[in-house]
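Encoded as structure tokens, the structure appears first; notes follow it.
In this note's numbering, the protein residues as written are -18 to 334.
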């Protein structure tokens, strides 16, 4: 019987998530249900949310679990009910949760082969490269969905942290597409210089984690913006950086917290002065947990069509993959993905791209 590999974990570790993963050999399923597809997975991403799952910080993970949220695969077998929609040899984006229909829990795609329901598959246009298609859900749909939900447009100002991440870079490009201004926070001077050169923007600021006074940086940002209010912010860092963003919001503004890259998931909030007196709003946001559960299939498909169009016309260009690892080097891949200041995303491959 033909065999493949999968990367699993049977315990959580917040301090050393790289140590929980194991590579094992399993039989390749020979049959698929009428509403299922057998996919040969070519490559998959190593995202912060994947590390969060192995750390025990993500809801809905039942142990033992297969790692990995998204990637790119090729259809091998198609169930009887799906033969008008999928065909052998077709490239598909694969995800660990249902993209369409009712949200369902983790399936995991760090493996050579997976039998997946049609709801977890997105057909990939011919002109989109594998390494781009493999990351559209977390890195492209996340910022686009927030832009659409916030209804950002001409004259709006969005303050964002982790601006050097792929999500942050896509948000900068969406600002150009939809004509809103991004104010971008990064940790390193080198990142700031590179963003300014790559995207032709001036509003990039370096922070030190705000271990000291943040008043000088506040003054610099306000000086640059003039009278333009900051009514929108997104934060993937949390802690003191998230607090800074909340303070920078003008009355009536809203901040979306969508991650805790700092490792500190707490942001001090004064209910009276921050929220009641200034009418600011705080929203927790997750593409998997909140957006998928509350968004119609028509809206999801509309967003995906928009993404393919932006990528095809190069209105959105993703940075090159940073480091590629084979599946047997999963520990090294996880360690690399957690390194501060790394260049590009980390990818796992099951075969040559």
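We treat Cβ as the ideally placed atom computed from N, Cα and C, and that holds for glycine.
When we look at the beta-carbon of residue 134 and count the other beta-carbons within 10 Å, is it buried (16 or more) or exposed?
exposed
Residue nearest to residue 204 in terms of C-alpha spacing, selected from 183, 53 and 36
183
Return the residue from the list 257, 259, 266 and 12 that minimises the CA-CA distance to residue 240.
266
Delimiting residues of the beta strand (DSSP E) encompassing residue -11:
-16 to -10
Inspect the CB distances between the stretch 160 to 170 and the stretch 230 to 244 and report whether three or more fall short of 8 Å.
no
Residues in its own chain within less than 7 Å of residue 199 by CB, not counting five upstream and five downstream?
Only 229 meet the Cβ criterion.
Less than 8 Å between the CB atoms is what I'm expecting for residue 278 and residue 82, so what's the real figure, rounded?
With a Cβ gap of about 7 Å, residue 278 and residue 82 count as contacting.
Taking the alpha-carbon of residue -14 as reference, which of 219, 75, 176 and 90 has the nearest alpha-carbon?
90
Taking the alpha-carbon of residue 305 as reference, which of 112, 268, -3 and 124 has the nearest alpha-carbon?
112
Just tell me which of 274, 144 and 137 has its CA closest to the CA of residue 356.
Limits of the chain in this structure are -18 at one end and 334 at the other, which puts residue 356 out of reach.
Would DSSP call residue 324 helix, strand or coil?
The three-state reading of DSSP puts residue 324 in coil, since its state is none of H, G, I, E or B.
Identify which residue in 78, 299 and 20 has its Cα closest to the Cα of residue 100.
Nearest of 78, 299 and 20 to residue 100, Cα basis: 78.
Using a Cβ-based criterion (distance less than 8 Å to any ligand heavy atom), does residue 27 qualify as near the ligand SAH?
Among the components of this structure there are no ligands whatsoever, and the ligand SAH is therefore not found.
Tell me, please, whether the stretch 313 to 331 touches the stretch -11 to 7 by the rule of three or more beta-carbon pairs shorter than 8 Å.
yes
How should residue 120 be labelled, buried or exposed, when 16 other C-beta atoms within 10 angstroms of its C-beta is the threshold for buried?
buried
Taking residue 149 and residue 141 to be in contact with their CB atoms under 8 Å, please state how far apart those CB atoms are, rounded to whole angstroms.
6 Å
So for residue 54, helix, strand or coil by DSSP?
If DSSP states are grouped into helix, strand and coil, residue 54 belongs with the strands.
Check whether the Cβ atoms of residue 215 and residue 202 sit closer than 9 Å, and answer yes or no.
Going by C-beta atoms, residue 215 is not nearer than 9 Å to residue 202.
Alpha carbon to alpha carbon, what distance is there between residue 23 and residue 188?
For residue 188 and residue 23, the distance between alpha carbons rounds to 38 Å.
Sorted by chain position, which residues of the same chain lie with C-beta nearer than 6 Å to residue 173's C-beta, five sequence neighbours on each side aside?
167, 185 and 187
Under the rule that 16 or more other beta-carbon atoms within 10 Å means buried, what is residue 44, buried or exposed?
Residue 44 comes out exposed.
Please report the residue range of the alpha helix (DSSP H) in which residue 265 lies.
Run containing residue 265: none in the alpha helix (DSSP H); it sits in the beta strand (DSSP E), 262 to 265.
For residue 29, report the span of its alpha helix (DSSP H) as first-last.
29 to 35 is the span of the alpha helix (DSSP H), which, as asked, contains residue 29.
Could you tell me whether the stretch 2 to 10 touches the stretch 275 to 292, where touching means 3 or more Cβ pairs closer than 8 Å?
no
Please report the distance separating the alpha-carbon of residue 114 from that of residue 36.
26 Å
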